[in-house]
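S.K.: If you read the sequence shown in the numbering used here, its first letter stands for residue 1026, the second for the next number, and so on.
Ideal placement from N, C-alpha and C gives every residue a C-beta, glycine not left out.
Model, not experiment: these values are computed from the prediction.
This is the structure, below, for whatever I ask next.
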Amino acid sequence: MIVAANFKMHKTRSQTQEYLNELKKIKFNGVKVALFPPASALMEDKIVGAQNAYPAINGAYTGEIGLEQLNEFNIKRVLIGHSERRHILNESQKFIAEKFNFYKNQGFEIFYCIGEPLEIRKKGIEAVVEYLKSQIEGVDLEYEKLIVAYEPVWAIGTGVSASLEEIKETHKEIRNFTSKPILYGGSVKLNNIKEIIEIENVDGVLVGSASLDVNTFKEMIKIAKDMK
Ligand code: 13P
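Listed below in structure tokens is the structure:
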């Protein structure tokens, strides 16, 4: 079971350090825990990964960080393809695949995000599958260190997660593309995590807002531990 926290553009370096110290007070007992703080709070710790990175060692890419900056903190884990980067930062599938391949060649563990917007979901599961397929173009879905995160855009930050049926059906479809772990993300909270991780083909969760409170996140890890 995998329980991951995406802080997005929340928390400073000192707040992240404090959070990590608190989090480390519990034993993870076989649950894989990952934490994605903002770039300014990257630090050397096995569970920490980057929310984004440019596909180059270094170079003239204003505002970006690359392999050299990640290496400084021994970071070996990266999130690629999050819908906020696809939609707000306008990252193309071609660029996302470029990032994937660069960090794959560097042996990184890659949390690769996919997920459809509401207008596609409204058209039904076949349209959803077609859309998700377009988001994996150029990506090796059998990469040994790949973790797929299914995050329907309409469930992110809305407080309304996909229904258990929708998660079950969509993860089953994604399972046809990959044998690697598949996480669900999108309004995962303390009151729904258990029923979500019990679903077939759900190997864990990627949590945004609910992860910002360390005690809540610790509770979530506890629930995942009890599941095993
Ligand atoms: P929320 O948990 O805030 O819906 O965010 C989910 C997400 O985007 C994690 O990457």
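Alpha carbon to alpha carbon, how far is Thr1041 from Ser1065?
M.R.: Here the question's residue 1041 lines up with position 16 in the sequence shown. Here the question's residue 1065 lines up with position 40 in the sequence shown. Distance between the alpha carbons of Thr1041 and Ser1065 is about 10 Å.
S.K.: So what does Glu1134 bridge to, in DSSP terms?
M.R.: Against the sequence shown, residue 1134 aligns to sequence position 109. The partner list for Glu1134 (beta bridge, DSSP) reads Arg1102.
S.K.: Could you please give the first and the last residue of the uninterrupted alpha helix (DSSP H) stretch that includes Ala1249?
M.R.: Residue mapping note: residue 1249 aligns to position 224 of the sequence shown, counting from 1. Counting along the chain, the alpha helix (DSSP H) containing Ala1249 begins and ends at Val1239 to Met1252.
S.K.: Helix, strand or coil for Ile1318, going by three-state DSSP, please let me know.
M.R.: There is no way to answer for residue 1318, as the model of the chain reaches only from 1026 to 1253.
S.K.: What's the gap between the Cα of Phe1053 and the Cα of Glu1116?
M.R.: Position 28 of the sequence shown, counting from 1, holds the residue named residue 1053. Position 91 of the sequence shown, counting from 1, holds the residue named residue 1116. If I take the Cα positions, the gap works out to 34 Å.
S.K.: Residues in its own chain within less than 6 Å of Ala1030 by CB, not counting five upstream and five downstream?
M.R.: For the purposes of this step, residue 1030 is taken as residue 5 along the sequence shown, with counting starting at 1. Within the same chain, Ala1030 has close Cβ partners Leu1060, Val1232, Ser1236 and Phe1242.
S.K.: Give me, in chain order, the residues of the same chain whose beta-carbon lies closer than 8 Å to that of Lys1247; leave out the 5 immediate sequence neighbours on both sides.
M.R.: Stepping through the sequence shown from its first residue, residue 1247 is reached at position 222. So the qualifying residues of the chain are Ile1051.
S.K.: Please state the DSSP three-state secondary structure of Leu1048.
M.R.: Reading the sequence shown from its first residue, position 23 is the one you call residue 1048. The answer is helix: DSSP assigns Leu1048 an H, G or I state.
S.K.: Hey, how far is the Cα of Asp1238 from the Cα of Pro1063?
M.R.: By one-based count along the sequence shown, residue 1238 stands at place 213. By one-based count along the sequence shown, residue 1063 stands at place 38. Straight-line Cα distance between these residues: approximately 16 Å.
S.K.: Which residue's Cα is closest to the Cα of Val1178: Ile1207, Tyr1156, Lys1101 and Val1056?
M.R.: To locate residue 1178, count along the sequence shown from 1; it is residue 153. Looking at the Cα atoms, Tyr1156 is the closest of the given residues.
S.K.: Would you say Val1058 touches the ligand 13P, meaning its beta carbon is less than 7 Å from a heavy atom?
M.R.: To locate residue 1058, count along the sequence shown from 1; it is residue 33. False, no ligand heavy atom lies under 7 Å from that Cβ.
S.K.: Quick check on the DSSP output: the beta strand (DSSP E) that includes Ile1090 runs from which residue to which?
M.R.: Here residue 1090 corresponds to residue number 65 of the sequence shown, with the count starting at 1. First-last for Ile1090: undefined, no H or E at that position.
S.K.: Under 8 Å by Cβ, that's how I've got Val1227 and Ile1192 pegged, so tell me the actual separation to the nearest angstrom.
M.R.: Translated into the one-based positions of the sequence shown, residue 1227 becomes position 202. Translated into the one-based positions of the sequence shown, residue 1192 becomes position 167. Yes, they are in contact, since the Cβ atoms of Val1227 and Ile1192 sit about 7 Å apart, within 8 Å.
S.K.: Helix, strand or coil, according to DSSP, for Leu1189 in the structure here?
M.R.: Start at 1 with the first residue of the sequence shown, and residue 1189 comes out as number 164. Three-state result, Leu1189: helix.
S.K.: Taking only three categories from DSSP, how would you classify Ala1180?
M.R.: Here residue 1180 refers to the residue found at position 155 of the sequence shown. Here Ala1180 sits in helix by DSSP.
S.K.: Taking the beta carbon of Ile1105 as the centre, do at least 16 other beta carbons fall within 10 Å, making it buried, or is it exposed?
M.R.: Residue numbering aside, residue 1105 sits at position 80 when the sequence shown is read from its first letter. Buried: at least 16 other Cβ atoms inside 10 Å.
S.K.: Among Lys1057, Arg1146, Ala1081 and Val1073, which one has its Cα closest to the Cα of Ile1121?
M.R.: Taking the first residue of the sequence shown as 1, we reach residue 1121 at position 96. Closest option to Ile1121, Cα to Cα, is Ala1081.
S.K.: To the nearest angstrom, report how far apart His1276 and Val1173 are at their CA atoms.
M.R.: The structure shown does not extend to residue 1276, since the chain is modelled only from 1026 through 1253, so no value can be given for it.
S.K.: Helix, strand or coil for Tyr1209, going by three-state DSSP, please let me know.
M.R.: What you label residue 1209 is simply residue 184 of the sequence shown in a count that begins at 1. Residue state, collapsed to three classes: strand.
S.K.: Would you say Ile1230 and Ile1221 are within 8 Å of each other, going by their C-beta atoms?
M.R.: As a first step, residue 1230 is located in the sequence shown; it is residue number 205 there, counting from the start. As a first step, residue 1221 is located in the sequence shown; it is residue number 196 there, counting from the start. Looking at the sequence itself, residue 1230 is Val, so the reference to Ile does not match. The answer is yes: Cβ separation under 8 Å.
S.K.: Cutting at 7 Å between CB atoms, please list the residues of its own chain near Val1056, excluding the five before and the five after it.
M.R.: Against the sequence shown, residue 1056 aligns to sequence position 31. Taken in chain order, the residues that qualify are Met1026, Val1028, Ile1246, Ala1249 and Lys1250.
S.K.: Put Tyr1128 into one of helix, strand or coil per three-state DSSP.
M.R.: For this step, residue 1128 is matched to residue 103 along the sequence shown. Residue state, collapsed to three classes: helix.
S.K.: Check for me: the beta strand (DSSP E) holding Ala1059 runs from which residue to which?
M.R.: Numbered from 1 along the sequence shown, position 34 holds the residue referred to as residue 1059. Per DSSP, Ala1059 belongs to the beta strand (DSSP E) from Lys1057 to Phe1061.
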